[in-house]
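Engineer:
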Amino acid sequence: MYYFVGWPSVLESYCKLDEIFAVCSSEDGETFIVCTSTDVVVFHIKFLCAIGHFSRSNTCLKENGLTSSAILRWDSSRILLCTEKGIVFIYAVEDLQFLYESLDSDSVPSPSMEIFSLIHTIRVSDCKCSVFSLGEFVVVASEKGDLIRIRWDGSYYGESVNLKSISSLRGDRNSEVQVYCKAIEWAPTFGGAFALFSSGHIALFVSFGSGENQTCIEKVLIENVGHPTCTAVNNRFRVLAVGTESSEVLLYKMDDTSGAIQIQHTLRISGRESSYATQNVGSVSEIIWSPDGYTLAVAWMQSGWSLWSVFGALLYTSLNEHVSQFSEMRISNMSWAYHGYNIVGLVTSNNLTGIAKVASTDSVEEEFTSKYASKVEGSLLFSDRLDYPAQKTSYLVVFHLARSSISANPTSDNHLHIVLQTADRIILVNRDQLTSRIQTQNITVPKPYINSNWPVRYVAVSTDGKRIAVSGRNGFIHYNCVSQRWHVFGNIKQENSLHVFGGLVWWKQYICLTCFTENYGSSEVRVYSSNHKLDNQFCSVRNLPLLTLPVIVDNFENLFLTLTNDGCLQIFSLSESLSSKSSVIISPFWTINLTNIVVFPACVVRICLTTLKGNVSVNHTTTSAGSYSSNNFDPGLYSIESLILNYSGDVFMLQRSAVNASPSNDSETSVQSSLQSLSFGTPVLVASEVEILWSTSCSTSFPSQVSNHHLPSPNGIDINVYAKDSLWLYSGAAGLSVWLPLPRVPNSLAFNFNYGSIRSDTSHKVSRDHVSSPVSNFDHRRIMLSFELGGDFYPLSICFGDDLLVGILNEFHYSWNKSIVHGRENTSSDVFELFPYGTLLIKIQVALHQIIRQLLKKNLGIHAYQMGLAYQHLPYFPRTLELLLYEVLEVEAASKVPTPDPLLPQVVSFIQEFPNSLEILANCSRKTDVTWWPHLFMTVGRKPKDLFELCLENNKLETAASYLILLQTSEPLTVSCECALTLFQASLQSLKWDLIRDLLRFLCAIDPTEYNSVDEHKTKKHCNKSNILHLSPYNHTNDLPNPDNDHLQSKITSEKSIHKIVWYGEMSKYRPTRVTLKLLDFASDQLEDFSGTIKVTSDSLMIDSPKSSSDLRTQLGQLLTKVAVDYFRQGYLKRASQLITNIPEIFNDGHLSCHTNALQTWLNKNV
18 MYYFVGWPSV LESYCKLDEI FAVCSSEDGE TFIVCTSTDV VVFHIKFLCA IGHFSRSNTC
78 LKENGLTSSA ILRWDSSRIL LCTEKGIVFI YAVEDLQFLY ESLDSDSVPS PSMEIFSLIH
138 TIRVSDCKCS VFSLGEFVVV ASEKGDLIRI RWDGSYYGES VNLKSISSLR GDRNSEVQVY
198 CKAIEWAPTF GGAFALFSSG HIALFVSFGS GENQTCIEKV LIENVGHPTC TAVNNRFRVL
258 AVGTESSEVL LYKMDDTSGA IQIQHTLRIS GRESSYATQN VGSVSEIIWS PDGYTLAVAW
318 MQSGWSLWSV FGALLYTSLN EHVSQFSEMR ISNMSWAYHG YNIVGLVTSN NLTGIAKVAS
378 TDSVEEEFTS KYASKVEGSL LFSDRLDYPA QKTSYLVVFH LARSSISANP TSDNHLHIVL
438 QTADRIILVN RDQLTSRIQT QNITVPKPYI NSNWPVRYVA VSTDGKRIAV SGRNGFIHYN
498 CVSQRWHVFG NIKQENSLHV FGGLVWWKQY ICLTCFTENY GSSEVRVYSS NHKLDNQFCS
558 VRNLPLLTLP VIVDNFENLF LTLTNDGCLQ IFSLSESLSS KSSVIISPFW TINLTNIVVF
618 PACVVRICLT TLKGNVSVNH TTTSAGSYSS NNFDPGLYSI ESLILNYSGD VFMLQRSAVN
678 ASPSNDSETS VQSSLQSLSF GTPVLVASEV EILWSTSCST SFPSQVSNHH LPSPNGIDIN
738 VYAKDSLWLY SGAAGLSVWL PLPRVPNSLA FNFNYGSIRS DTSHKVSRDH VSSPVSNFDH
798 RRIMLSFELG GDFYPLSICF GDDLLVGILN EFHYSWNKSI VHGRENTSSD VFELFPYGTL
858 LIKIQVALHQ IIRQLLKKNL GIHAYQMGLA YQHLPYFPRT LELLLYEVLE VEAASKVPTP
918 DPLLPQVVSF IQEFPNSLEI LANCSRKTDV TWWPHLFMTV GRKPKDLFEL CLENNKLETA
978 ASYLILLQTS EPLTVSCECA LTLFQASLQS LKWDLIRDLL RFLCAIDPTE YNSVDEHKTK
1038 KHCNKSNILH LSPYNHTNDL PNPDNDHLQS KITSEKSIHK IVWYGEMSKY RPTRVTLKLL
1098 DFASDQLEDF SGTIKVTSDS LMIDSPKSSS DLRTQLGQLL TKVAVDYFRQ GYLKRASQLI
1158 TNIPEIFNDG HLSCHTNALQ TWLNKNV
């Protein structure tokens, strides 16, 4: 969701860095402040420079004490300081708008003291105090346990409250110690404020600050906290984060039914994410949520920091930076800057290793020493040998981030693409390029617009990805990706009077948005045409209800919907005007009251109309006059089946109610009937802890990625319904969930494809139960399938037609020749070259095998088979089945105890339904541990030798070559040699010249001494316990072996058949079979000459091998030469010439030459 881009910036602090105790950012401003015990510095986040600085006088410090706490008002208009002696200073910060306009990115102004003015001084206590912002008032907490509430203008807000009145805190472990508040977090969506006490308790003050006369505080204690160090509240997702001394972070969520606050997730760094996790990173020092609530930043006391998603997925950790010393640095006083585009923090290193030591790790020590030795000589940071710093170093650093646009503007179209936004540019990956591109596309917002409307707030991409609309502080602009041109307002007054709220979305070639206009002082819905210039004369307007503000927007077909802050969903109908092509008719269509679900509209993460159905299908019929026809309704309206709502991570479905009205031909009556038909039923909870959701059913105008028209629907089942009507939910650490529809299955298919029968001895009983299951009784029964996503993968889009998850990979690079100190030169700045440079790459992950695995696990093999048919046309479908087989085999074969209900038999049976099952088994076996092979082939019921011969029967010679590697270990050496020569003969007959050349190299690399030292009986009995030969495949078909490591021997008899002995052994009751294979027709004298080296007995194959591999190569050459001569004499000139020209190294005494020269040389020599 958040990704690092570019270099971090290092700011000039204008104060003592080691005395900084607070970095505070405003919620809706462009500034942040840095506070020490004596100074306050105001920075502008856009230009990364200090614009204000003042220091308290020595007299003030002596009389009132050092500054101990500070906060910044949400609009940056007030700064409140509290001292160690209980004095509160309130400073007014003058309007900085005129200063912003005068700033230039090319110049760095000096900070001014004139922007501050002291307006109030209040003595609230005689001891050290801390201040905390709770919206429109401030709480001052003294170390004596008093809580004093004051307004930002300095007046008191009600009476003070002492913690002694809280009975549960008086009976503490040490009753003599005064309990006081260490931190207070405002939590309006929880109904109060969370407080962290010095005793280690955490409590929710219910309705704290709801009235001025409130003197008694109702509290709810949080259980199972342990030893907390800090807290942070996410009001959008209603999550409480608690940092502990054990370096873990606990995530709590409130149960709306019982009101209890319970642990949902525990965030910890393990060895899987970082090898530094075993080191002592210390207790959690700070945690802070991003402004949109999607990401949590965590810092530890000793070293390292990380970013986590709201429900526990690890996004980034500095502990992974092995090649730099950044992993050993500590970050403190973190703060999210405006709109989450930056993280500001104080980076400190107590043990920063010298640059030369790090340079030697990257093999650039000499280059670095010669380049930087003169620059760092005499620096206070380094000693003579560049070993360690002479003192502790601290730096004020700003990290630059890109975030996903769906966190601010979660429209259905934005979910089709990957859209990231920074403060001044757009990073886009079109849905048509999700699987074909590696790099992202960067689009810079025009400077004339962004300079006056910084930063980017909303981004909307059209369905086809060819148009982009961008909104800043005022107005909006749009971009055409085909013409690569930006379109802006011609009238700057119209642009400045328009403030986009809630978001914007594309409908055809029109831009639909909700905004607040200063001219009328109300909220409106506006539609602009992208084919005309941006001007209000080409705009259609519809007012929203009075005293409401839009929160979120989306569209479905010809319907535009927006949720307002009163909890109502306003739906408007859009239609193009017949009189003017530039105008759109906006008609109020329907209003849905969601206040029974939505208590806090700001907590709505996503809302959309869909065509999804629940487990019970809705019959759109009437009881009085028959059924409705689709001609009586708008097609978009008639296709609506449900309303999906993501409220603080809880996904609700409101299914459309049945039509109860009678149809009418009258247009007015038809509209009334349409309105009645859009009523929704009782909300149903689909899933919890959901961060993002996708579905193609959210937009019926979406081009069909999932349609496979070239594939027939087998047995009357629509194989596209699985992708069209599915709902995909990402839940952070819990992984991905798919709410999959299960269409009606014919009874005959339910019996034939019941893979569950393999796992049970009562197969007929299971099959009959499957026929009578609800699968075949409902049109749309649904099932929730959940699986984890490995690594740090965070999906941002889904290719439903390819069943691929697409996300962004954040890669980091290091440079040794770039100084990144912002604003001025610094001789010691090269230490920051150890900071990483963030880049973005597209990352793709397959999900099909996970869905099939879950279906097989739930005995829904018929639906797994139907999904396989729907996606078997994909080029990577065999690879998907390999992943399925490998993951299941890894779990069951590596288990120390037998699996009670193994899934591997079902997976093997499922794979065998597809024509490339032999290739899948071979490729998967070669990539697994040899100790897993008995478990795999026990389930398959055949040895690798039997599968090898099966490949020969089906003329799959390349696949048979893959099994040669398996035969090296699973069979005696002589048996594998027999198979190798058999494949060689079949390749000659099929004229597989690439395969023949590889097999020749394979055979000629044999070490003959191996045959005399192998006890075959012992090898056959203990083949899996013998030394394993590690082989590397050639690049012919990725299936051929490496001849340098293989040991093969051949067996040829005068008969034109071989015995196919099936290796069932103790695994099966079947008997061996005899299969006749058509071999190459050698002459009798050729066979005698070559077989003279090989002696075959009835018990075993005893090889009298040549002294060296060159002798075997010579004999193979002689044999092929005789074959070529025989072909030539009998008139098979084409075959003889192909044999000679394709293997020139054999017919030219090992010397390579062109094909024509090889044939000419051989003819001159032998004919």
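Under the numbering used here, think of the first position of the sequence shown as 18, with each following residue one higher. Glycine included, every Cβ here is placed at the ideal spot set by N, Cα and C.
What number of angstroms, rounded off, separates the C-alpha of residue 482 from the C-alpha of residue 862?
Structural biologist: Within the sequence shown, the letter at position 465 stands for residue 482. Within the sequence shown, the letter at position 845 stands for residue 862. Going from the Cα of residue 482 to the Cα of residue 862 covers about 22 Å.
Engineer: Measuring CA to CA, which of 518, 881, 59, 257 is closest to residue 582?
Structural biologist: Start at 1 with the first residue of the sequence shown, and residue 582 comes out as number 565. Taking only the C-alpha atoms, the option nearest residue 582 is 518.
Engineer: In chain order, what residues of the same chain have a beta carbon less than 8 Å from the beta carbon of residue 85, not counting five sequence neighbours either side?
Structural biologist: Start at 1 with the first residue of the sequence shown, and residue 85 comes out as number 68. Excluding positions up to five away in sequence, the list reads 38, 54, 99, 100, 101, 145, 146, 147.
Engineer: Quick check: the Cα distance between residue 1104 and residue 983, rounded to an integer number of angstroms?
Structural biologist: On the sequence shown, residue 1104 is found 1087 positions in, with the first residue counted as 1. On the sequence shown, residue 983 is found 966 positions in, with the first residue counted as 1. Reliability of the predicted coordinates at residue 1104 is poor, the pLDDT of 35 falling under 50, and the value obtained from them is presented with this limitation in mind. If I take the Cα positions, the gap works out to 28 Å.
Engineer: Let me know the secondary structure DSSP gives residue 697 once reduced to three states.
Structural biologist: What you label residue 697 is simply residue 680 of the sequence shown in a count that begins at 1. Reduced to three states, the DSSP call for residue 697 is strand.
Engineer: Taking only three categories from DSSP, how would you classify residue 346?
Structural biologist: Walking along the sequence shown from the start, residue 346 turns up at place 329. Note: residue 346 maps to coil in three-state DSSP.
Engineer: Kindly list the residues whose CB is nearer than 8 Å to the CB of residue 552, restricted to its own chain and excluding five residues on each side of it in sequence; keep chain order.
Structural biologist: Reading the sequence shown from its first residue, position 535 is the one you call residue 552. Same-chain partners within the cutoff: 506, 507, 508, 511.
Engineer: Output the distance between the C-alpha atoms of residue 532 and residue 35, rounded to the nearest integer angstrom.
Structural biologist: To locate residue 532, count along the sequence shown from 1; it is residue 515. To locate residue 35, count along the sequence shown from 1; it is residue 18. Approximately 45 Å between the Cα atoms of the pair.
Engineer: Considering just the uninterrupted stretch of the beta strand (DSSP E) at residue 477, what are its terminal residues?
Structural biologist: Within the sequence shown, numbered from 1, the residue matching residue 477 stands at position 460. From DSSP, the beta strand (DSSP E) with residue 477 extends over 475 to 478.
Engineer: In terms of residues, what are the limits of the beta strand (DSSP E) holding residue 69?
Structural biologist: Working through the sequence shown from its first residue, we reach residue 69 at position 52. Start and end: 66 to 72.
Engineer: Would you tell me roughly how many angstroms separate the C-alpha atoms of residue 336 and residue 322, rounded to the nearest one?
Structural biologist: In the sequence shown, the residue the question calls residue 336 occupies position 319. In the sequence shown, the residue the question calls residue 322 occupies position 305. Looking at the two C-alpha atoms, the distance is approximately 7 Å.
Engineer: Drop a sphere of 10 angstroms on the beta-carbon of residue 567, count the other beta-carbons inside from all chains shown, and report buried for 16 or more, exposed for fewer.
Structural biologist: Residue 567 sits at position 550 when you count from the first residue of the sequence shown. Residue 567 should be labelled buried.
Engineer: Just grab the DSSP bridge partners of residue 248 for me.
Structural biologist: Translated into the one-based positions of the sequence shown, residue 248 becomes position 231. Paired residues: 259.
Engineer: Beta-carbon separation of residue 980 and residue 965 under 7 Å?
Structural biologist: For the purposes of this step, residue 980 is taken as residue 963 along the sequence shown, with counting starting at 1. For the purposes of this step, residue 965 is taken as residue 948 along the sequence shown, with counting starting at 1. Closer than 7 Å, so yes.
Engineer: State the Cα-Cα distance for the pair residue 619 and residue 269, rounded to the nearest angstrom.
Structural biologist: Within the sequence shown, residue 619 is the residue found at index 602, counting from 1. Within the sequence shown, residue 269 is the residue found at index 252, counting from 1. Cα to Cα, the separation comes out at about 20 Å.
Engineer: Looking at the secondary structure, which residues open and close the beta strand (DSSP E) in which residue 963 lies?
Structural biologist: Position 946 of the sequence shown, counting from 1, holds the residue named residue 963. Annotation: residue 963 is outside any beta strand (DSSP E); the continuous alpha helix (DSSP H) that includes it extends over 961 to 970.
Engineer: Report the three-state DSSP secondary structure of residue 571 (helix, strand or coil).
Structural biologist: By one-based count along the sequence shown, residue 571 stands at place 554. Strand at residue 571.
Engineer: Quick one: what does DSSP say residue 1104 is sitting in, helix, strand or coil?
Structural biologist: Counted from its first residue, the sequence shown places residue 1104 at position 1087. A caution first: residue 1104 carries a pLDDT of 35, below 50, which makes its placement in the model unreliable, though a value can still be read off. Helix, per DSSP.
Engineer: Please report how far the alpha carbon of residue 297 lies from the alpha carbon of residue 334, in whole angstroms.
Structural biologist: In the sequence shown, the residue the question calls residue 297 occupies position 280. In the sequence shown, the residue the question calls residue 334 occupies position 317. Cα to Cα, residue 297 sits roughly 15 Å from residue 334.
Engineer: Quick one: Cα of residue 439 to Cα of residue 493, how far?
Structural biologist: Working through the sequence shown from its first residue, we reach residue 439 at position 422. Working through the sequence shown from its first residue, we reach residue 493 at position 476. As the crow flies, the alpha-carbon of residue 439 is around 16 Å from that of residue 493.
Engineer: How about residue 271 and residue 280: do their beta carbons lie closer than 7 Å?
Structural biologist: Taking the sequence shown and counting its residues from 1, the one referred to as residue 271 is at position 254. Taking the sequence shown and counting its residues from 1, the one referred to as residue 280 is at position 263. The answer is no: Cβ separation not under 7 Å.
Engineer: Measure the alpha-carbon distance for residue 1139 versus residue 1010 and round it to whole angstroms.
Structural biologist: Numbered from its first residue, the sequence shown carries residue 1139 at position 1122. Numbered from its first residue, the sequence shown carries residue 1010 at position 993. Distance between the alpha carbons of residue 1139 and residue 1010: 18 Å.
Engineer: So does the region 900 to 908 actually touch the region 882 to 889, counting three or more Cβ pairs closer than 8 Å?
Structural biologist: no
Engineer: I need the DSSP call for residue 206, collapsed to helix, strand or coil.
Structural biologist: For this step, residue 206 is matched to residue 189 along the sequence shown. In this structure, DSSP gives residue 206 a helical state, which the three-state scheme calls helix.
Engineer: Give me the residue from 704, 706, 1179, 673 with the minimum Cα distance to residue 698.
Structural biologist: Residue mapping note: residue 698 aligns to position 681 of the sequence shown, counting from 1. If we check each option's Cα against that of residue 698, 673 comes out closest.
Engineer: Between which two residues does the beta strand (DSSP E) carrying residue 668 extend?
Structural biologist: The residue given as residue 668 occupies position 651 in the sequence shown. 667 to 672 is the span of the beta strand (DSSP E), which, as asked, contains residue 668.
Engineer: Do you know whose CA, among 487, 469, 932, 454, lies nearest residue 460's CA?
Structural biologist: The count along the sequence shown starts at 1 and reaches residue 460 at position 443. The candidate whose alpha carbon is nearest that of residue 460 is 487.
Engineer: What separation, rounded to the nearest whole angstrom, lies between the Cα atoms of residue 430 and residue 522?
Structural biologist: Stepping through the sequence shown from its first residue, residue 430 is reached at position 413. Stepping through the sequence shown from its first residue, residue 522 is reached at position 505. Rounded to whole angstroms, residue 430 to residue 522 spans 8 Å at the Cα level.
Engineer: If you follow the alpha helix (DSSP H) that residue 154 is in, where does it begin and where does it stop?
Structural biologist: For the purposes of this step, residue 154 is taken as the residue at position 137 of the sequence shown. Where residue 154 is concerned, there is no enclosing alpha helix (DSSP H), although the beta strand (DSSP E) it sits in stretches over 154 to 159.
Engineer: Using the DSSP secondary-structure output, state which residues sit across from residue 565 in a beta bridge.
Structural biologist: The residue you call residue 565 lines up with position 548 of the sequence shown. BP columns for residue 565 are empty, so no partner.
Engineer: With a CB to CB cut of under 7 Å and the five nearest residues on each side skipped, what residues in its chain are close to residue 936?
Structural biologist: If you number the sequence shown from 1, residue 936 lands on position 919. 895, 976, listed in sequence order.
Engineer: Count the other C-beta atoms from every protein chain shown that fall within 10 angstroms of the C-beta of residue 425, then say buried if there are 16 or more, exposed otherwise.
Structural biologist: Stepping through the sequence shown from its first residue, residue 425 is reached at position 408. By the neighbour-count criterion, in which 16 or more other beta carbons inside 10 Å mark a residue as buried, residue 425 falls on the buried side.
Engineer: For residue 434 and residue 714, what's the separation of their Cα atoms in angstroms?
Structural biologist: Looking up residue 434 in the sequence shown gives position 417. Looking up residue 714 in the sequence shown gives position 697. Approximately 16 Å, taken between the alpha carbons.
Engineer: Residue 747 by DSSP, collapsed to three states: which one?
Structural biologist: Here residue 747 corresponds to residue number 730 of the sequence shown, with the count starting at 1. Residue state for residue 747 is assigned as strand, using DSSP reduced to three classes.
Engineer: Just verifying my parser: in three-state terms, what is the DSSP assignment at residue 459?
Structural biologist: The sequence position of residue 459 within the sequence shown is 442, counting from 1. Residue 459 falls in the strand class under three-state DSSP.
Engineer: Any idea which residues DSSP pairs residue 799 with across the strands?
Structural biologist: In the sequence shown, counting from the first residue as 1, residue 799 sits at position 782. According to DSSP, residue 799 bridges with 758.
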